[in-house]
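Asks: Structure in structure tokens, see below.
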Amino acid sequence: MLEVMLEIWTIMLNILGFFWNMLFRFFDRQIAILLVVGTFAVVVVAAFQDRIRSRLFAPRLRLDGGPDYFPDIDPIPLGNPEGNIYGCFVGLPIRNHGPAPAKEIEVLVSELERFHNNKFEPNHRFYPLPLYWRHYNPKIVFLDRLLPGSIRHIGLGFIPSELTIKKSVGFGLQQEKLPFIIDSPMRPNTLSNIINPGRYRMTLEITASNSQKPVKIVIELSFDGEWQADNTRGMVSIKRVDNS
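FYI, in our numbering the residues of the sequence shown are 65 to 308.
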């Protein structure tokens, strides 16, 4: 009986030894794999640390707010000797959603399409136009710095009042309807900064010196060219039509 028990005990020890060796080999292999993977990860991080840091700790500039934007009334200095005259001015809020400050930010209108024949058709004569940042005197095109979470407004353009049209020259107007004028330091010879009443799509590009690539935002602008002194907020419709 004792011999049988010893034999059984020996068999059990052999079985336990077998499983112990298997378990040890399994974890040993896992540890080796983890060491290889960890070493590879360290090499990758060391080689691409600048690119990884720029992606993880870069500014993220976006058009802030909901899908609808409303114009407001601001004095428009046009150099008229009688002083500033008014128009319906459109400003759009730009927010930095990233963890790092954005530097040297510029916003420009890169593309313009007009709704015609039940579709949006590109304007091949349109030249990309940089925009002014609002509430700065003198006007600036490059914003030096935008801190995380901060908002600044970019000036898209304005509809001049009827009084402005009567007192000012150089708009190149040949009709009674009021235009939308893109507020840009550039004045192209094609007058593509002056938009006749209608429905349009604009592509805005937001760039910063420390961002990977421009952020593209598509907005839709609609207006009928009629001055509404008692409803200036309803003169222009601005909608965001992309997911930025």
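For every residue, glycine included, the Cβ atom is placed at its ideal position computed from N, Cα and C.
From the DSSP output, read off the bridge partner residues of G219.
Replies: Within the sequence shown, numbered from 1, the residue matching residue 219 stands at position 155. BP columns for G219 point to G155, Y196.
Asks: Below 8 Å on the Cβ atoms is my contact criterion, and I expect V154 with V300 to pass it. Report the Cβ-Cβ distance as a whole number of Å.
Replies: As a first step, residue 154 is located in the sequence shown; it is residue number 90 there, counting from the start. As a first step, residue 300 is located in the sequence shown; it is residue number 236 there, counting from the start. About 6 Å separates the two Cβ atoms, so the contact holds.
Asks: In this structure, what does DSSP give as the bridge partners for D128?
Replies: Along the sequence shown, one-based indexing puts residue 128 at 64. Answer by DSSP bridge pairing: none, since D128 is not bridged.
Asks: If the criterion is Cβ atoms closer than 8 Å, does the pair N257 and G213 meet it?
Replies: Mapped onto the sequence shown, residue 257 falls at position 193. Mapped onto the sequence shown, residue 213 falls at position 149. In this structure, G213 does not lie closer than 8 Å to N257 by Cβ.
Asks: Have a look at N181 and I204 and give me their C-alpha separation to the nearest angstrom.
Replies: Looking up residue 181 in the sequence shown gives position 117. Looking up residue 204 in the sequence shown gives position 140. Those two C-alpha atoms are separated by around 38 Å.
Asks: When we look at the beta-carbon of Y133 and count the other beta-carbons within 10 Å, is it buried (16 or more) or exposed?
Replies: Here residue 133 refers to the residue found at position 69 of the sequence shown. Buried.
Asks: Check whether the Cβ atoms of L210 and D247 sit closer than 8 Å, and answer yes or no.
Replies: As a working mapping, residue 210 is identified with position 146 in the sequence shown. As a working mapping, residue 247 is identified with position 183 in the sequence shown. In this structure, D247 does not lie closer than 8 Å to L210 by Cβ.
Asks: Return the CA-CA distance between Q276 and P163, expressed in angstroms with no decimal places.
Replies: Your numbering for residue 276 matches position 212 in the sequence shown. Your numbering for residue 163 matches position 99 in the sequence shown. Going from the Cα of Q276 to the Cα of P163 covers about 14 Å.
Asks: Could you pull the DSSP bridge partners for E175 from this structure?
Replies: Taking the first residue of the sequence shown as 1, we reach residue 175 at position 111. Paired residues: T267.
Asks: Consult DSSP for G213 and reduce its assignment to one of helix, strand or coil.
Replies: Position 149 of the sequence shown, counted from the first residue, corresponds to residue 213. Coil, per DSSP.
Asks: Take the Cβ of S273 as the centre, count every other Cβ of all protein chains shown within 10 Å, and call the residue buried at 16 or more, exposed below.
Replies: As a working mapping, residue 273 is identified with position 209 in the sequence shown. Counting Cβ neighbours within 10 Å, S273 comes out exposed, since fewer than 16 surround it.
Asks: Less than 6 Å between C-beta atoms, sequence neighbours within five positions excluded: which residues of the same chain meet that for F206?
Replies: Here residue 206 is taken as the residue at index 142 of the sequence shown, counted from 1. E168, E170, listed in sequence order.
Asks: Rounded to a whole number of angstroms, what is the C-alpha to C-alpha distance between V282 and D294?
Replies: By 1-based counting over the sequence shown, the position of residue 282 is 218. By 1-based counting over the sequence shown, the position of residue 294 is 230. Going by the C-alpha atoms only, they are around 29 Å apart.
Asks: Could you name the residues that DSSP lists as bridge partners for Y133?
Replies: To locate residue 133, count along the sequence shown from 1; it is residue 69. Y133 is bridged to I302.
Asks: Just to confirm my understanding: we take P298, look at its own chain, exclude 5 residues before and 5 after, and list those with CB closer than 8 Å. What are they?
Replies: As a first step, residue 298 must be located in the sequence shown, where it is residue number 234. At residue 298 the sequence reads Gly, which differs from the Pro that was named. Correct list, in chain order: Q292.
Asks: In angstroms, rounded to a whole number, what distance separates the CA positions of R198 and D128?
Replies: Numbered from its first residue, the sequence shown carries residue 198 at position 134. Numbered from its first residue, the sequence shown carries residue 128 at position 64. The alpha-carbon atoms of R198 and D128 are separated by roughly 15 Å.
Asks: Based on DSSP bridge pairs, tell me the residues matched to P224.
Replies: Here residue 224 refers to the residue found at position 160 of the sequence shown. DSSP, once it has assigned bridges, lists G151 as partnering P224.
Asks: Rounding to the nearest angstrom, what Cα-Cα distance links K183 and P192 in this structure?
Replies: Position 119 of the sequence shown holds residue 183. Position 128 of the sequence shown holds residue 192. Each residue's alpha carbon lies about 21 Å from the other.
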